[in-house]
Amino acid sequence: MQRLVTDWFFAPESARRLATLRILVGAYATIYSIVRLPYLLDSSRLGDDRFFGTGILTVFETPPPAWLVLPIGVTAIVAGAMMTLGWRYRLSAPLAALALLCTTTYGNSWGQVFHTENLMMLHIVVLSVVPAADDLVVGKAAGRTSHDTDRDDRSAERYGWPIKLMVALMVLTYVAAGIAKLRIGGWAWVDGDVLRHQVAFDNLRKVRLDEIYSPLGTWLTQITWVWLPVGIATLLVELGAPVAFIQRRIRYLWVAAAWLFHVGIAATMVIAFPYHLSAIAYAAVLPTDQILARAQTWLRQRRGAGSSADLASN
Amino acid sequence: MSRPFAILFSGVLLTLVAAPMIGRATADSYPLSSYPMFASDRGTVSTFYGAAGITADGERVTLSARSVGGTGEIVHAAESVRFAIKRGSVDSLCAEIAKRLEGDEFVAIEVIGERIDALAWFDGDEVPIESTVYGECNVS
Numbered sequence: 000m001q002r003l004v005t006d007w008f009f010a011p012e013s014a015r016r017l018a019t020l021r022i023l024v025g026a027y028a029t030i031y032s033i034v035r036l037p038y039l040l041d042s043s044r045l046g047d048d049r050f051f052g053t054g055i056l057t058v059f060e061t062p063p064p065a066w067l068v069l070p071i072g073v074t075a076i077v078a079g080a081m082m083t084l085g086w087r088y089r090l091s092a093p094l095a096a097l098a099l100l101c102t103t104t105y106g107n108s109w110g111q112v113f114h115t116e117n118l119m120m121l122h123i124v125v126l127s128v129v130p131a132a133d134d135l136v137v138g139k140a141a142g143r144t145s146h147d148t149d150r151d152d153r154s155a156e157r158y159g160w161p162i163k164l165m166v167a168l169m170v171l172t173y174v175a176a177g178i179a180k181l182r183i184g185g186w187a188w189v190d191g192d193v194l195r196h197q198v199a200f201d202n203l204r205k206v207r208l209d210e211i212y213s214p215l216g217t218w219l220t221q222i223t224w225v226w227l228p229v230g231i232a233t234l235l236v237e238l239g240a241p242v243a244f245i246q247r248r249i250r251y252l253w254v255a256a257a258w259l260f261h262v263g264i265a266a267t268m269v270i271a272f273p274y275h276l277s278a279i280a281y282a283a284v285l286p287t288d289q290i291l292a293r294a295q296t297w298l299r300q301r302r303g304a305g306s307s308a309d310l311a312s313n
Numbered sequence: 000m001s002r003p004f005a006i007l008f009s010g011v012l013l014t015l016v017a018a019p020m021i022g023r024a025t026a027d028s029y030p031l032s033s034y035p036m037f038a039s040d041r042g043t044v045s046t047f048y049g050a051a052g053i054t055a056d057g058e059r060v061t062l063s064a065r066s067v068g069g070t071g072e073i074v075h076a077a078e079s080v081r082f083a084i085k086r087g088s089v090d091s092l093c094a095e096i097a098k099r100l101e102g103d104e105f106v107a108i109e110v111i112g113e114r115i116d117a118l119a120w121f122d123g124d125e126v127p128i129e130s131t132v133y134g135e136c137n138v139s
């Protein structure tokens, strides 16, 4: 069994596949940091009594100085962009991870924990310490790695295990959410009433704060029978996440189900999990290097067709 | 990058992420969480926290999350009111909201909590079971 796990975990992978993950997750985190900066600046103007330190800020009773927010926020953006491009990776990637951890933790320390950020942060932590910039790096020829002299299968395992770890972290976050439902709500959670009450509560909270709510979600709360299958499907997706480790077709089916689960959350509660909805959360289980190769071939063919058409018209 | 490093790093990270699953179920943190959202049964009746702006002719207007919490985040706004009530700092929150709304149509702000049957509300019964004003302040 141990041999099986070791062989699976250390199975060789291409530098390109890990590099595509770096680009996808890095670009997402960078854009996310830009989008969230106004929220962080708004938070920095709140009174000290509104601060509830979480994570690495738990030890703080008052918020860190407000003037730090902008420089750390900008660092997260700049280092994130450098990480995405693979530029000075050994410096930029850990710096991006540290700055992102600081900014997101700060943002989570005002009475609301955004569970939409956890997996992105964990994936960035993994990418920040692995050789994810051995391919697809700005200024370097594609396909050249820093280990060109050592190209046997064992050397390529360095690109494989980080991908497996990213998958394992994704699976764990889903399983944890499923287990929390059973630990807190018990098996009664499955009958759908808990979820129905949550959807009604969440939408009414939006109504009472004059915000956009989901007419679909509020309409569905009036239809009792819907919630039993929805409750079962939710737990199947969350507790069934470990199937992402097994056969490819089942894995893709689970990814589709998990993605639809987040579409459902957005449609019934106007709560967006952008990392998941963009499918970047699932990129580690998808053949991103093959998708990139196909996209490149398609682009080349299009350019070729365009050039031929230009020549013909001349 | 050696196998021992890979095993150590992966083992530590996976243990940290899995640990909240065996800790207190409702404990929440970041980036390590037990993901307790949507897990507890709230029942049909809950207290909804927010604030209302009072106009010169006495009209009560529900204030937005940005006006109440200062950030535009909905849960954050509701939690700000709930924590202010719990910590006894409603007056300070009310003054903060009033300051944000200076120059608007409001002459006063009320920080409120309303007990409402959410399912009944969306079935057309849009009347709170109980409404409590926790604090009031004027808008200059």
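Heads up: the sequence lines are chains W and U, in that order.
Reminder that position 209 of the first sequence reads as 208 in numbering that gives the first Met the number 0, one-by-one numbering, no gaps.
Reminder that position 19 of the second sequence reads as 18 in numbering that gives the first Met the number 0, one-by-one numbering, no gaps.
Just so you know, even glycine gets a beta-carbon here, dropped at the ideal spot from N, CA and C.
For Arg-247/W and Leu-7/U, the rounded distance between their alpha carbons
28 angstroms
Cβ neighbours of Ala-26/W in the same chain (closer than 6 angstroms, five flanking residues each side left out)
Thr-83
Given 8 angstroms, three or more beta-carbon pairs between the region 169-188 of chain W and the region 31-38 of chain U:
yes
Enclosing beta strand (DSSP E) for Thr-61/U [first to last residue]:
59-61
Buried or exposed by the 16-neighbour rule on C-beta atoms within 10 Å, applied to Ser-1/U:
exposed
Three-state secondary structure (DSSP) at Pro-273/W?
helix
Using the Cα positions of Phe-50/W and Ala-97/U, report the straight-line distance between them to the nearest angstrom.
20 angstroms
What is the rounded straight-line gap between the Cα of Ser-139/U and the Cα of Leu-20/W?
53 angstroms
Ile-270/W and Ile-279/W - do their beta-carbons sit closer together than 8 angstroms?
no
Using the rule of at least 16 other Cβ atoms within 10 Å of the residue's Cβ for burial, across every protein chain shown, is Pro-3/U buried or exposed?
exposed
Beta carbon of Ala-98/W nearer than 8 angstroms to that of Ala-78/W
yes
Buried or exposed by the 16-neighbour rule on C-beta atoms within 10 Å, applied to Val-11/U:
exposed
Taking only runs of the alpha helix (DSSP H) that begin and end inside the region 130-213 of chain W, which ones reach a length of at least 4 residues, in chain order?
152-179, 192-206
So if I threshold CB-CB distances at 8 angstroms, which residues from the region 5-18 of chain U count as touching chain W?
Ala-5, Phe-8, Ser-9, Leu-12, Leu-13, Val-16, Ala-17
Please report how far the alpha carbon of Arg-150/W lies from the alpha carbon of Ser-13/W, in whole angstroms.
Low local confidence applies: a pLDDT of 48 at Arg-150/W is under 50, so the model's placement there is unreliable, and no value is given.
Proximity to Arg-135/U [Cα-Cα], best of Ala-24/U, Glu-101/U, Arg-81/U, Ile-53/U:
Sequence inspection shows Glu at residue 135/U; the Arg mentioned does not correspond to that position. Here the closest residue by C-alpha is Ile-53/U.
On the DSSP letters alone, give me the boundaries of the alpha helix (DSSP H) that Val-67/U sits inside.
64-68
Under 9 angstroms, CB to CB, which of the residues in the region 66-87 of chain U have a partner in chain W?
Ser-66, Val-67, Gly-68, Gly-69, Thr-70, Gly-71, Glu-72, Ile-73, Val-74, His-75, Ala-76, Ala-77, Glu-78, Ser-79, Arg-81, Phe-82, Ala-83, Arg-86
In this structure, what does DSSP give as the bridge partners for Glu-113/U?
Phe-47/U, Ser-130/U
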